[in-house]
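Accompanying notes for the structure given below.
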Amino acid sequence: MLSLKNIYYHPSTAEKPILRNLCLKTKTGKITIIRGPSGSGKTTLVEVISGLSGYQRGEITWFNKTLNARQRRWLCGLVFQFPERYFLGLSVAQELRLGHKKLTTGEQISTLQKVGLINLDLKKAPHSLSGGQQRRLAIAVQLLRSPKVLLLDEPTAGLDWSVRNGVIELLERLKDKQTILIVTHEPELFKNLNTENYQLQDGQLVPY
Ligand SMILES: Nc1ncnc2c1ncn2[C@@H]1O[C@H](COP(=O)(O)OP(=O)(O)OP(=O)(O)O)[C@@H](O)[C@H]1O
Ligand SMILES: [Mg+2]
């Protein structure tokens, strides 16, 4: 169980605090959905949880053990709001093999299948894929790391409905093995899943 206690974060470059004594406890088997208007701090929150950003006060624990930023980077896999900005590989195969040098072609194909990318040319450049394919490739890259906590920043934004449904079904399948937290402008898309819903407002989470 992931727990955030009184997380306070005020970057020196920001006019006011972004997270103000924010608390959260994830529930086993439930997907945590966080909504909030643009600029409310959703991306900042997942960056803090995943150890990419620090915070000034509070505590983040995993099954009651306090974690530092490095431990959180191990624990969490973050699928960015615009994953295409972070691809490093020159091909899909190379992208999947970053950090997994020995990944065989068969393993690459089966990983892609898990996210619904079937018959994808492994030699294609990640940047040449469609938005939906890029989103799913980014999820596949994180799945290879088997993170205990999977954080997704706007996983359905800009996808057409069939691709969206594919992503939602995938998350539904993953939720029993992984703690999943989603920040989204489109929380209604997840209404058929077993979710716990919050709104991020004034730097805090309120049940929705
Ligand atoms: N390091 C930083 N320094 C200064 N301001 C920051 C920093 N990080 C975030 N902010 C500000 O904090 C606020 C929250 O940004 P954030 O990107 O987390 O919002 P968001 O809810 O993800 O928005 P969107 O829905 O548009 O993606 C914004 O006003 C942003 O400009
Ligand atoms: Mg954002």
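Residue numbers (my numbering): 1419 to 1626. Glycine is no exception: its CB is placed at the ideal position from the N, C-alpha and C atoms. Computed from a predicted structure; not experimentally measured.
One alpha carbon belongs to residue 1595, the other to residue 1455, and they sit about 30 Å apart. Proximity of the stretch 1476 to 1483 to the stretch 1615 to 1626 falls short of the contact definition, fewer than three beta-carbon pairs being nearer than 8 Å.
Taken in chain order, the unbroken stretches of alpha helix (DSSP H) that lie wholly in the stretch 1493 to 1568 and span 4 residues or more are 1510 to 1515, 1523 to 1532 and 1549 to 1562. In this structure, residue 1436 sits near residue 1462, with a CB-CB distance shorter than 7 Å. Counting along the chain, residue 1433 sits inside no beta strand (DSSP E), nor does DSSP assign it H or E at all. The nearest non-hydrogen atom of ligand 1 is 6 Å or more from the C-beta of residue 1528. Membership of residue 1584 in any beta strand (DSSP E) is not indicated; the residue belongs instead to the alpha helix (DSSP H) covering 1579 to 1592.
Setting aside the 5 residues that flank it on each side, residue 1604 is surrounded in the same chain by 1574, each with a C-beta closer than 6 Å to its C-beta; the list follows chain order. Put simply, the backbone Cα of residue 1453 is about 12 Å away from that of residue 1607. Annotation: residue 1425 to residue 1522 spans about 41 Å, alpha carbon to alpha carbon. Distance from the CA atom of residue 1440 to the CA atom of residue 1423, rounded to whole angstroms, is 7 Å. Cβ contact annotation for residue 1590 (same chain, cutoff 7 Å, sequence separation greater than five): 1611, in chain order. For residue 1595, the secondary structure class from DSSP, reduced to helix, strand or coil, is coil.
Short of 6 Å from the beta carbon of residue 1504, and not among the five residues preceding or following it, lie these beta carbons of its own chain, in chain order: 1498.
For residue 1476, the distance from the CB to the nearest heavy atom of ligand 1 is not below 6 Å. A distance criterion of 6 Å places the beta-carbon of residue 1456 in contact range of ligand 1, judged by its closest non-hydrogen atom.
Checking the DSSP bridge columns, you'll see residue 1423 partnered with 1477.
For the pair residue 1527 and residue 1549, the Cα-to-Cα distance works out to about 19 Å. Counting along the chain, residue 1614 sits inside the beta strand (DSSP E) bounded by residues 1613 to 1619.
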